[in-house]
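To start, the structure itself, in structure tokens.
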Amino acid sequence: MQEFIDQLPQLAKDKYNENKKFFAKLKKKPPKKLDHIMQELHNDEFTTTDCLQCANCCKTTGPLFTGKDVERIAKFFRMKPRQFEDQYLQTDEDGDLVLQQTPCTFLGADNYCSIYEVRPKACREYPHTDRKKIQKISNLTIKNVAICPAAYNIVEKMKAQML
957 MQEFIDQLPQ
967 LAKDKYNENK
977 KFFAKLKKKP
987 PKKLDHIMQE
997 LHNDEFTTTD
1007 CLQCANCCKT
1017 TGPLFTGKDV
1027 ERIAKFFRMK
1037 PRQFEDQYLQ
1047 TDEDGDLVLQ
1057 QTPCTFLGAD
1067 NYCSIYEVRP
1077 KACREYPHTD
1087 RKKIQKISNL
1097 TIKNVAICPA
1107 AYNIVEKMKA
1117 QML
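Going by the working numbering, the letters in the sequence shown line up with residues 957 to 1119, in that order.
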């Protein structure tokens, strides 16, 4: 698994133009059952993919934190939301609340998340491959292909099935 994770950035780079063209076509004329197809591909992939063997998303990128995320996680820590923000978050160049550092502060050495029950919405939905109207988040999906082995596999299977 680690070897594949290490190769992902280069594999994604090699497939970048192909993926861009594919998603551009998908945006212009999405198949009628695209949401259903994506749900199936996502579910099939996650019968064999164990995120605890990887956690590359937690090691290399940080999620966006919504106001609701901050409130929920702060409550979990018995902190005031402002205190949680000051201790763990920063505002990025886009004005979004993100972690102050990567890997994620809440990721353990065993790849378990210490706030899993209350984790941010962005973490719960990652890698976003089961989202409705995936063609509308193509840039995010293409970015995630370089980070998440499951996203890479899903996009490759998606292209094979739809081309």
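We put the beta carbon where it would ideally sit given N, CA and C, even for glycine.
Remember, it's a predicted structure, so these values are computed and weren't measured experimentally.
- Contact annotation: the stretch 1015-1032 touches the stretch 1078-1085, with at least three C-beta pairs closer than 8 Å.
- Closest in C-alpha terms to Gln1091, from the list Gln1043, Ile961, Tyr972 and Leu990, comes Leu990.
- Following the DSSP letters along the chain, one finds Thr1004 in no beta strand (DSSP E) but inside the alpha helix (DSSP H) bounded by residues Leu990 to Thr1004.
- In the three-state reduction of the DSSP assignment, Leu1119 falls in the coil class.
- Positions of the alpha helix (DSSP H) runs, each at least 4 residues long and wholly inside the stretch 1020-1096, are given as 1023-1032, 1037-1044 and 1077-1081 in order along the chain.
- The DSSP-derived three-state label of Lys985 is coil.
- A direct Cα-Cα distance of roughly 12 Å separates Gln958 from Leu1008.
- With 16 or more other Cβ atoms from the protein chains shown falling within 10 Å of its own Cβ, Asn975 counts as buried.
- Using a C-beta cut-off of 8 Å, the stretch 978-985 makes no contact with the stretch 1036-1047, since fewer than three inter-stretch Cβ pairs fall below that distance.
- Counted as a single uninterrupted DSSP element, the stretch harbouring Cys1007 is not any alpha helix (DSSP H), since DSSP gives it neither H nor E.
- In the three-state scheme derived from DSSP, where H, G and I count as helix and E and B as strand, Ile1098 is classed as helix.
- Shown here, Ile961 sits in a helix according to DSSP, grouped into three states.
- Less than 8 Å divides the Cβ of Val1054 from the Cβ of Gly1018.
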